[in-house]
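Below is one structure; the comments refer to it alone.
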Amino acid sequence: MATWARVSVLAAVSCLAAGCSDDDLPKFSSLDRLRVLTLVANPPEADPGTAGIVLTPWVSDAKGGGRALTYAAEGCLDPGVSFGAAPTCEGQPTRAILAGGTVTGLAAPHYTGAADAIAVTLPADAIAFAGRGANDRHNGVAYLVTYLVQAADGASHRAFKRVLISAPAKTQKNQNPAFVDILADGASLASLPGGASRLSAQVGAGSAEHYAEQSAAGAAARIEDLTVSWFVSGGDLLYDRTEADQATRWAPPGVGPALVVGVLRDDRGGVAVVAKSL
Amino acid sequence: MRSLVPLALAALLSVASPAASAQAPVPPSPSPSPPPAPAAAFVLEGRLLERGTKRPVAEAAVFLLPGGARAQTDAAGRFIFEGVLAGEHRIVVNLTGYRRLEEGVAVNAGRSGSIAVLHVERRTYAGLEATVIGKAEKRDDTTRSLKTEQFLTLPGAGGDPVKAVQNLPGVARSVGGTSQVIIQGSSPRDTSYLIDDQNVPLVFHFGGLTSVITPEAIGQVDYLSAGYGPEYGRALGGLIGLRTRQPDAERVKGFVFVDTAKAGGLIEGPMGGESSYWLTGRYSHLGLILRAVLKDQEQFDLTVAPSFADAAGLARARLSDTDEFRVLAVASHDQLEFLLKAPLRSDPAVRGNFRNETSFYRLIPQWVRARPSGATTRVSAGLGQDFIRVDVGGNFFDLETWTVSQRAEHEWSPAPRWTSVLGVDNEFVHADVGLRLPNVHDAGGVSDPISAGDLQSRSARSDSALAGAYWRNTIKPEGSKWTFSPSARVDHFSATDETIPAPRLSARFDENEFVHWRAAGGLYAQPPEPQETDPEIGNSSVKAPLSWHATLGREQDFRRGSSRGWTLGTGAFYRLFDRLVIASSRTVARDGVIAPERYNNEGRGDAYGAELLLRADLAPYAGWVSYTLSRSTRREPGSARFPFEFDQTHNLNLVGARDFENNWKLSARARFVTGNPRTPITGGVFDADNDVYLPVRGAFFSRRSPPFFQVDLRVDKKWIHETWILWAYLDVQNVTNHRNQEGVRYAYDYSRETRVTGLPVLPTFGVRGDF
Chain D
437 MATWARVSVL
447 AAVSCLAAGC
457 SDDDLPKFSS
467 LDRLRVLTLV
477 ANPPEADPGT
487 AGIVLTPWVS
497 DAKGGGRALT
507 YAAEGCLDPG
517 VSFGAAPTCE
527 GQPTRAILAG
537 GTVTGLAAPH
547 YTGAADAIAV
557 TLPADAIAFA
567 GRGANDRHNG
577 VAYLVTYLVQ
587 AADGASHRAF
597 KRVLISAPAK
607 TQKNQNPAFV
617 DILADGASLA
627 SLPGGASRLS
637 AQVGAGSAEH
647 YAEQSAAGAA
657 ARIEDLTVSW
667 FVSGGDLLYD
677 RTEADQATRW
687 APPGVGPALV
697 VGVLRDDRGG
707 VAVVAKSL
Chain R
142 MRSLVPLALA
152 ALLSVASPAA
162 SAQAPVPPSP
172 SPSPPPAPAA
182 AFVLEGRLLE
192 RGTKRPVAEA
202 AVFLLPGGAR
212 AQTDAAGRFI
222 FEGVLAGEHR
232 IVVNLTGYRR
242 LEEGVAVNAG
252 RSGSIAVLHV
262 ERRTYAGLEA
272 TVIGKAEKRD
282 DTTRSLKTEQ
292 FLTLPGAGGD
302 PVKAVQNLPG
312 VARSVGGTSQ
322 VIIQGSSPRD
332 TSYLIDDQNV
342 PLVFHFGGLT
352 SVITPEAIGQ
362 VDYLSAGYGP
372 EYGRALGGLI
382 GLRTRQPDAE
392 RVKGFVFVDT
402 AKAGGLIEGP
412 MGGESSYWLT
422 GRYSHLGLIL
432 RAVLKDQEQF
442 DLTVAPSFAD
452 AAGLARARLS
462 DTDEFRVLAV
472 ASHDQLEFLL
482 KAPLRSDPAV
492 RGNFRNETSF
502 YRLIPQWVRA
512 RPSGATTRVS
522 AGLGQDFIRV
532 DVGGNFFDLE
542 TWTVSQRAEH
552 EWSPAPRWTS
562 VLGVDNEFVH
572 ADVGLRLPNV
582 HDAGGVSDPI
592 SAGDLQSRSA
602 RSDSALAGAY
612 WRNTIKPEGS
622 KWTFSPSARV
632 DHFSATDETI
642 PAPRLSARFD
652 ENEFVHWRAA
662 GGLYAQPPEP
672 QETDPEIGNS
682 SVKAPLSWHA
692 TLGREQDFRR
702 GSSRGWTLGT
712 GAFYRLFDRL
722 VIASSRTVAR
732 DGVIAPERYN
742 NEGRGDAYGA
752 ELLLRADLAP
762 YAGWVSYTLS
772 RSTRREPGSA
782 RFPFEFDQTH
792 NLNLVGARDF
802 ENNWKLSARA
812 RFVTGNPRTP
822 ITGGVFDADN
832 DVYLPVRGAF
842 FSRRSPPFFQ
852 VDLRVDKKWI
862 HETWILWAYL
872 DVQNVTNHRN
882 QEGVRYAYDY
892 SRETRVTGLP
902 VLPTFGVRGD
912 F
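Chains as they are written, first to last, in our numbering: chain D, 437 to 714; chain R, 142 to 912.
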């Protein structure tokens, strides 16, 4: 906890000192390189042994000019990434090759969008829950899916996602939130705005789910906290991330085409994406 | 001002002695004209005080001209001349260390019973115009101490006693805005901070801004490094001990001050008999400035400006010829709150309201009985509470503790050349802790984003006891140049359920009166951090880390009895660290269930180095050179030995000062320090759940930041008035505007990095009035 407090205070103080800016470093919201914007699992939480979970990578190679990309996906039980283990399935006994090949589905002019879907089958109860206590079974054991996308020139990007495996007795499993639309100054974003606009997310009712978290102290009632990550192909964005009910300000480029992508996340692995080509 | 003094003296002089006038012999008459009236003789009384401080100047010779009559001042500075003839006279005072005083005085019939006051001005005024009572206590040859007048005007340290310690050998330069004292290759967490021998939870406001107690209330700061004595423990690195000074028991005095960051004051005086007190307090106005500068920010609102306040008070009573009682109260409060208008770009878990509030107080009663036989008993306690609250969005850490610490020791001589000290050093802490926060993985000095950690919630009450007992012996065989101190300490840590005996041994060899050798060593143990042994968020199997120390040193005093000259201290140290607590990413089976190990004791390491401290006292010049050459490494399972995060091969500090006429003082400090090692980051892996990138670390601490270089200057000027002193200073840090690297900021995906540099030229201005 001392580390947490130190990191928090240092982050806050450095934010204050530097005006929270990143100087001339690449901006998180700029679609200017090969990267994975998110990995969407549907559903994000399931029973042990569940097959047919669909994992959709959202890939952007906006400056790639349509170059060929390949990908590789693997799965394994989480080796303990949040405690410092490397986010890889190499050397893990539950490692499985999930998919691989050439990336399709990225079209001009932005070469950004949903790439080839990957089918995931979760390990059975005896494997997923071996040695696990009741709290882990309820809260979920993470199944790690790693995704590597790379171009022929050596550019690459690694990403991973956890699909939660929870006990069948837990009937209310997490669902992806509903991202209905991207709004510009309160109306659906349909064309390139003429000037700076307030971008916000229209989120479906019930997207912020109530759930129970179990620990040694007992069950605690929680509600999901929804955030939106914003990506643009051009222009200036004030906030890269916002709370779901908050707006950011976008000064769009003078001329199109332009792309705006919003990624809505709950804080349990649920994700939804809306992209607007303008 | 001075020209008015004769008039004032004339008005205030005591002039009376009619009987003496009447009985004066009548001189022979030179002519038949009426004889002149006999010359009247008067009594001339006065007081001699030090200009500015109003301190009585005792045992000083005061001359009356013409005639050369001489009077001696008493303890209150009073003097008296009898049989003074009417007329114009001059009073002359010529004392070592003071400017010559010569004042005219007109003696004539008139008033009686008044006392003239003369103010004699010192040639130089030290940093603190206070009475320092008592001698520095230094049992341990490994202890280095700075007195108030040494740290108060040190450039770059802002008068701070703990920051001043960082100019001594063996202390690494802290980075990133903190001022933690890092001792001889140890970790910052291996340093313990004491005020009047009682442990305090923190010594700095906001981690490094300034100490939590007014510097002028500190009489001495002690720095204990490798091989420190058995009286202290629970610190692998060493200790910083602040010793409050005795209040002035003779008169009420004090000061008020204001500088660019804070304002405050101190008052002290007698309470009757031999009792006395001081009270002090400070308040920071830095937040007001920041709020003005940082308003209308798009990224955050500074809802509560960063502010701190502290207060302290001490009462001292002489109970009898043998007994003295002191009680010290210390309180400190820090607060900062702001609202992030959007999640932080680098770490979206850092969003919403940020609040940090830290407070503590201690009540420290102390009792000393010094018997005529030489036996001395000391008992003290520390009673208080600590409060820490950190909120970041929906995450929080809330800690409230009650602490009772207690020390007692008895010192006596079992035999003519043998002194023994037997003591106990205990601490009991009751803590209420509530937290909801992610575990943050930190390896190679690089932290994963907070967002990537698993949220953990904990609400617990815990009790922990730290019990210690020690026995120091000092044996000096008759006729021998050797002094031996075979000693031992035993510590019990309830959190790890360990009792650890720790032998300590030191020896001193007096080559001659001016050259001394010293050697010391022993075993040192330190309790793990509370979260490391917590059964839910830590590992209850974690044990106390250990360190073996060995040190050898030589002190030479080239002054050879003079007050001017050089002293040279050289030394070497070695530390072997064992059972260091490190973070673990492994899983283990606990009660048949797989659980993250979180921490273990598999860290190892060592540190060694050589030190030099060359001091010069060549009035009006003074200064010192401190240099440390050191190497500190660590080992963890699965990795090769790597440099420790705070390993600094070369650490050179040059400090110099010169006193000028009219109470001007110019001082400077120059520092050159090898850059800290750092772990390169070779890339990032996108965590799609938490929307952050995890750093991919290269070989631990395989690169170094550029060397640190900084020059600080300070100018002090005092205006000495009769009854008060005005003091102004300008302290300019980094006068060469050297862009020192203090850290690295990374792109969101770790694909690029940029340097974070430290302070630019930073002037600080302050004024103070002593009355």
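Idealized CB from N, CA, C, for every residue including glycine. Keep in mind the model is a prediction, meaning the values are calculated, not measured.
| Asked | Found |
| --- | --- |
| Helix, strand or coil for residue 722 of chain R per DSSP? | strand |
| Within the chosen definition, does the segment 723-741 of chain R reach the segment 698-710 of chain R through at least 3 CB pairs nearer than 8 Å? | no |
| One question on the structure: do residue 859 of chain R and residue 266 of chain R come within less than 7 Å of each other, judged by their Cβ atoms? | yes |
| Let me make sure I understand the geometry here. Which of R:362, R:602 and R:497 has the alpha-carbon closest to that of residue 533 of chain R? | R:497 |
| Which residue marks the beginning of the alpha helix (DSSP H) containing residue 292 of chain R, and which one marks its end? | 289-292 |
| For residue 894 of chain R, which of R:540, R:393 and R:821 has the nearest alpha-carbon? | R:821 |
| Is there at least one Cβ from chain R nearer than 7 Å to residue 615 of chain D's Cβ? | no |
| Answer with buried or exposed for residue 762 of chain R, where buried requires no fewer than 16 other C-beta atoms within 10 angstroms of its C-beta. | exposed |
| Going by the beta-carbon positions, is the gap between residue 593 of chain D and residue 472 of chain D smaller than 7 Å? | yes |
| With DSSP as the reference, label residue 784 of chain R as helix, strand or coil. | strand |
| Does the beta carbon of residue 523 of chain D sit closer than 7 Å to a beta carbon anywhere in chain R? | yes |
| Which word fits residue 308 of chain R, buried or exposed, when buried means at least 16 other C-beta atoms lie within 10 angstroms of its C-beta? | buried |
| Okay, do the segment 366-377 of chain R and the segment 556-568 of chain R touch, 3+ Cβ pairs below 8 Å being the bar? | yes |
| Is DSSP giving residue 496 of chain D helix, strand or coil here? | strand |
| What is the rounded straight-line gap between the Cα of residue 349 of chain R and the Cα of residue 448 of chain R? | 13 Å |
| CB-CB under 6 Å to residue 631 of chain R, same chain, minus the five flanking residues each way: which ones, in chain order? | 610 and 642 |
| Buried or exposed, going by whether 16 or more other CB atoms sit within 10 Å of the CB of residue 490 of chain D? | exposed |
| Just reading off the alpha helix (DSSP H) that residue 673 of chain R is part of, what are its end residues? | 671-674 |
| Residue 462 of chain D touches chain R at which residues, Cβ-Cβ below 8 Å? | 888, 889, 890, 892 and 893 |
| Using a C-beta cutoff of 7 Å, does residue 708 of chain D count as contacting chain R? | no |
| Measuring only the C-alpha atoms, how far is residue 465 of chain R from residue 503 of chain R? | 20 Å |
| Among the residues of its own chain, which have a CB less than 6 Å from the CB of residue 861 of chain R, if the five just before and after it don't count? | 192, 193 and 262 |
| At 9 Å on the CB atoms, spell out the chain R contacts of residue 724 of chain D, in chain order. | In the structure displayed, chain D extends from 437 to 714; residue 724 of chain D sits before or after that span and is not available. |
| Does the Cβ of residue 609 of chain R lie closer than 6 Å to at least one heavy atom of the ligand FMN? | Looking at this structure, you won't find the ligand FMN or any other ligand, since it has none at all. |
| Would you say residue 322 of chain R faces chain D, with C-beta separation under 7 Å as the test? | no |
| Quick check: what's the CA-CA separation for residue 328 of chain R versus residue 774 of chain R? | 11 Å |
| For the structure I just gave you, are there three or more beta carbon pairs, one from the segment 700-711 of chain D and one from the segment 659-674 of chain D, closer than 8 Å? | yes |
| Report yes or no: do three or more beta-carbon pairs, one from the segment 592-605 of chain R and one from the segment 571-579 of chain R, lie closer than 8 Å? | yes |
| Quick check on residue 189 of chain R: buried or exposed, where buried means 16 or more other Cβ atoms within 10 Å of its Cβ? | buried |
| Please name the residues in the segment 676-701 of chain D whose beta-carbon is closer than 8 Å to at least one beta-carbon of chain R, in chain order. | 676, 677, 678, 679, 682, 684, 699 and 701 |
| Going by CA-CA distance only, name the one from R:378, R:259, R:551 and R:872 that's closest to residue 92 of chain R. | In this structure chain R extends from 142 to 912, so residue 92 of chain R is not present and cannot be described. |
| Is it buried or exposed for residue 294 of chain R, if we count other Cβ within 10 angstroms and need 16 for buried? | buried |
| My assumption, with CB atoms under 8 Å, is that residue 116 of chain R sits in contact with residue 640 of chain R. Please give the rounded CB distance. | Because chain R here runs from 142 to 912, residue 116 of chain R falls outside it and cannot be looked at. |
| Check each candidate in D:503, D:706, D:601 and D:531 and name the one with the smallest Cα separation from residue 586 of chain D. | D:503 |
| Report the option in R:827, R:596, R:870 and R:771 whose CA atom is closest to the CA atom of residue 310 of chain R. | R:771 |
| Counting contacts by CB-CB distance shorter than 7 Å, is residue 651 of chain D in contact with chain R? | yes |
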